[in-house]
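Student: Heads up: the protein sequence lines correspond to chains A and B, in order.
Heads up: the first sequence at position 79 corresponds to 79 in our numbering, and the numbers run straight through without jumps.
In our numbering, each number is its position in the second sequence, counted from 1, plus 1000.
Idealized CB from N, CA, C, for every residue including glycine.
These numbers were taken from a predicted model, which means no experiment stands behind them.
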Amino acid sequence: MDSTVVTGSEENVWGGGNKPLGASYGKLMMWFFLVSDALTFSGLLAAYGFSRFKFIETWPIADEVFTHVPFVHGNFPMIYVAFMTLILIISSVTMVLAVDAGHRMKKNAVIWYMFLTIIGGAIFVGSQAWEWGTFIKGDFGAIETKGGRILQFVNTETGERAAIADFAKTIPSERVNHESKNGVWYYEGQALPSYSVSEVIEGFKANPNIAIRTESIVQEGENEGEKTVLSRADALAKLNNATHVVEGANLIRNEYGSRLFADFFFFITGFHGFHVTSGVVINLIIFFNVILGTYEKRGHYEMVEKVGLYWHFVDLVWVFVFTFFYLV
Amino acid sequence: MAHEHKLEIFRGLWKFKSNTQKIWGVLAFLCVVTAIEVVLGIIKPEFLLKNENAFLGLKLLNWIFIILTLVKAYYIAWDFMHLRDEKTSLRRAIVWTPIFLVAYLVFILLLEADYIYEVFRDGFVAWNF
Chain A
1 MDSTVVTGSE ENVWGGGNKP LGASYGKLMM WFFLVSDALT FSGLLAAYGF SRFKFIETWP
61 IADEVFTHVP FVHGNFPMIY VAFMTLILII SSVTMVLAVD AGHRMKKNAV IWYMFLTIIG
121 GAIFVGSQAW EWGTFIKGDF GAIETKGGRI LQFVNTETGE RAAIADFAKT IPSERVNHES
181 KNGVWYYEGQ ALPSYSVSEV IEGFKANPNI AIRTESIVQE GENEGEKTVL SRADALAKLN
241 NATHVVEGAN LIRNEYGSRL FADFFFFITG FHGFHVTSGV VINLIIFFNV ILGTYEKRGH
301 YEMVEKVGLY WHFVDLVWVF VFTFFYLV
Chain B
1001 MAHEHKLEIF RGLWKFKSNT QKIWGVLAFL CVVTAIEVVL GIIKPEFLLK NENAFLGLKL
1061 LNWIFIILTL VKAYYIAWDF MHLRDEKTSL RRAIVWTPIF LVAYLVFILL LEADYIYEVF
1121 RDGFVAWNF
């Protein structure tokens, strides 16, 4: 058998000295993992595509959902995610530079580049947490109908979205939010929204400059690609079916539109964020190993290359998540 | 470990003196592509968004985004993950397996989803109320 297998070393085939395809055992296993993980993410994104094509005329418009930048007020679609993408790509670059320095056995350079990579990863995870927070909090509020569809509000004078807090009336009501300091007789029950359905409806009737926007996207004509704005009569008819006031997002309902939208957002960006977090942890372990000189003693920095592969993979997945959630 | 790096991208159009330089070159390229995506996403040219210009049920702008994404993915995998320096057989095993499976899955799921969309639109099921 030895005549057909070129090992290039004294070790035999069963001793593990063989390198199939020129890649070491560890690197090959990392690639096995990455390919299977890539298929997991593809499955999730394909499922997202499925739901989106199913509701192609009513899906939320990403530009209207992700419009915030930390510390700044105003409407800036895309800017912050673009920043996050840039951070991840740059941390990918510092990772390759660490691998490159490892090839040349420059311990201090590896330490610095690993450090920068970890910082980049931490900034990204922090940004994602902030993004989640903003998404969960919501900013305008909406009404849900019996059919589970979302009605949003616009100001017809400015053409901008109107928050329910701006026009809803305050009507005294009997139900108050239960707090644990008042006893524990009532464990289950939904938290009250800031305004009840009837308060929003009364406020809508009192403000003629507020209009209702449905989930449906206009398919042709002047306003193609925008959400449909209802006439006053249609809007009042729609409000007869109102059941909930929705503020922000959770796994059941969200103010942005289709329920599946928030579910997929939480699941896919959450799964990716989990990957980034574990990537940061693994990078940290390797970072300390480099400082301790483990790889210097071992004679090569292949471990850095292997975690590097994982880190780049995380970046690669984000490139796709960015496209399918924020751009398309 | 592949110690030898192929130091050119764009099929030899852009050559580098060292691996470090190549990394910075790829970063510059990825940044340019991302910037193009973001600018297109903000200005949204009207003719790219028209349904009548859609190709295979997808608006032209979305086609551009997806193609640019694949371009970015190519350079991340080839230069950051060093696939360019691996043996051809390993590279093909890694790349074509997911591409085949994903293309299959996406084809099936999107076709099915479009069918369900048509049932919702044309059928006698009220769902948008």
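On the premise that residue 1085 of chain B lies in contact with residue 1005 of chain B, defined as a C-beta separation below 8 Å, what is that separation, rounded to the nearest angstrom?
Tutor: With a Cβ gap of about 6 Å, residue 1005 of chain B and residue 1085 of chain B count as contacting.
Student: Identify every residue that forms a DSSP beta bridge with residue 254 of chain A.
Tutor: According to DSSP, residue 254 of chain A bridges with A:249.
Student: Give me the Cβ distance between residue 110 of chain A and residue 290 of chain A, rounded to the nearest whole Å; I'm assuming they're in contact under 8 Å.
Tutor: Contact flag correct, Cβ pair sits at about 5 Å.
Student: For residue 96 of chain A, which residues from the same chain have a beta carbon less than 8 Å from its beta carbon, with the 5 sequence-adjacent residues on both sides left out?
Tutor: For residue 96 of chain A, where only same-chain residues beyond five positions count, the Cβ hits under 8 Å are 308, 312.
Student: Would you check if the distance between the CB atom of residue 242 of chain A and the CB atom of residue 143 of chain A is smaller than 7 Å?
Tutor: Against a cut-off of 7 Å, the Cβ pair of residue 143 of chain A and residue 242 of chain A comes out as a contact.
Student: What does DSSP give as the partner residues of residue 244 of chain A in its beta bridges?
Tutor: BP columns for residue 244 of chain A point to A:144.
Student: Count the other CB atoms within 10 Å of the CB of residue 254 of chain A; is the residue buried (16 or more) or exposed (fewer)?
Tutor: So residue 254 of chain A counts as buried.
Student: CB residue 319 of chain A to CB residue 1073 of chain B, shorter than 7 Å?
Tutor: It is a contact, given that the beta carbons lie within the stated cut-off.
Student: Determine which residues share a DSSP beta bridge with residue 227 of chain A and list them.
Tutor: Looking at the DSSP assignment, residue 227 of chain A forms a beta bridge with A:217.
Student: Alpha helix (DSSP H) containing residue 1090 of chain B: first to last residue?
Tutor: Here the alpha helix (DSSP H) through residue 1090 of chain B covers 1088-1122.
Student: For residue 1059 of chain B, which three-state DSSP category applies?
Tutor: It is coil, neither helix nor strand.
Student: How many angstroms separate the CA atom of residue 262 of chain A from the CA atom of residue 272 of chain A?
Tutor: Cα-Cα distance, rounded: 15 Å.
Student: Would you mind sorting residue 27 of chain A into buried or exposed? The rule is 16 or more other CB atoms within 10 Å of its CB.
Tutor: Residue 27 of chain A comes out buried.
Student: Can you give me, in chain order, the residues of the stretch 233-248 of chain A that have a beta carbon less than 8 Å from any beta carbon in chain B?
Tutor: The stretch 233-248 of chain A vs chain B, Cβ under 8 Å: 241.
Student: Please report the residue range of the alpha helix (DSSP H) in which residue 236 of chain A lies.
Tutor: Element bounds for residue 236 of chain A: 232-239.
Student: Give a yes or no on whether the minimum CB-CB distance between residue 1049 of chain B and chain A is below 7 Å.
Tutor: Yes, contact with chain A.
Student: By how many angstroms is the C-alpha of residue 116 of chain A removed from the C-alpha of residue 1125 of chain B?
Tutor: Each residue's alpha carbon lies about 55 Å from the other.
Student: Assign residue 140 of chain A to buried or exposed, taking buried as 16 or more other Cβ atoms, counted over all protein chains shown, within 10 Å of its Cβ.
Tutor: Buried, by the Cβ-count rule.
Student: Determine, for residue 1062 of chain B, whether the minimum Cβ-Cβ distance to residues of chain A falls below 7 Å.
Tutor: Answer yes: the Cβ-Cβ gap between residue 1062 of chain B and chain A drops below 7 Å somewhere.
Student: Select from A:122, A:42, A:83 the residue whose C-alpha is nearest the C-alpha of residue 1102 of chain B.
Tutor: That would be A:42, whose Cα lies nearest to the Cα of residue 1102 of chain B.
Student: If we define contact as Cβ-Cβ less than 7 Å, is residue 1039 of chain B a contact residue for chain A?
Tutor: It does not; no Cβ of chain A falls within 7 Å.
Student: Quick test of the definition: if touching needs 3 or more C-beta pairs under 8 Å, does the stretch 1016-1028 of chain B touch the stretch 275-290 of chain A?
Tutor: The answer is no - the stretch 275-290 of chain A does not touch the stretch 1016-1028 of chain B, with fewer than three Cβ pairs under 8 Å.
Student: For residue 312 of chain A, would you say it is in contact with chain B, using Cβ-to-Cβ distances shorter than 7 Å as the test?
Tutor: So, interface residue.
Student: So, is the C-beta of residue 299 of chain A closer than 7 Å to a C-beta in chain B?
Tutor: No, its Cβ sits nowhere closer than 7 Å to a Cβ of chain B.
Student: Expressed to the nearest angstrom, what Euclidean distance is found between the alpha-carbon atoms of residue 1010 of chain B and residue 267 of chain A?
Tutor: Taking the straight line joining both Cα atoms gives about 36 Å.
Student: By the DSSP assignment, the beta strand (DSSP E) with residue 192 of chain A in it spans what residues?
Tutor: Run containing residue 192 of chain A: none; DSSP gives neither H nor E here.
Student: Might you give, ordered along the chain, the residues of its own chain that have their beta carbon closer than 6 Å to the beta carbon of residue 264 of chain A, omitting 5 neighbours on each side?
Tutor: So the qualifying residues of the chain are 48.
Student: Taking DSSP as the reference, what is the three-state secondary structure of residue 289 of chain A?
Tutor: Helix at residue 289 of chain A.
Student: Would you say residue 249 of chain A and residue 135 of chain A are within 7 Å of each other, going by their C-beta atoms?
Tutor: Cβ distance < 7 Å, so residue 249 of chain A and residue 135 of chain A count as in contact.
Student: Can you give me the start and stop residues for the alpha helix (DSSP H) that residue 164 of chain A sits inside?
Tutor: 164-167 is the extent of the alpha helix (DSSP H) around residue 164 of chain A.
Student: Under the rule that 16 or more other beta-carbon atoms within 10 Å means buried, what is residue 131 of chain A, buried or exposed?
Tutor: Flag for residue 131 of chain A reads buried.
Student: Between residue 44 of chain A and chain B, is the shortest Cβ-Cβ distance under 7 Å, so that the two count as touching?
Tutor: No - not a single Cβ of chain B is within 7 Å of the one on residue 44 of chain A.
Student: Pull up the distance between the alpha-carbon of residue 224 of chain A and that of residue 83 of chain A, whole angstroms please.
Tutor: So the two alpha carbons sit approximately 29 Å from each other.
Student: Residue 22 of chain A touches chain B at which residues, Cβ-Cβ below 8 Å?
Tutor: Within chain B, the residues near residue 22 of chain A are 1002, 1086, 1087, 1090.
Student: Candidates A:121, A:236, A:232: which alpha carbon is nearest residue 274 of chain A's?
Tutor: Minimum Cα distance to residue 274 of chain A is reached at A:121.
Student: Do you know whose CA, among A:61, A:208, A:316, lies nearest residue 1075 of chain B's CA?
Tutor: Measuring from the Cα of residue 1075 of chain B, the nearest candidate turns out to be A:316.
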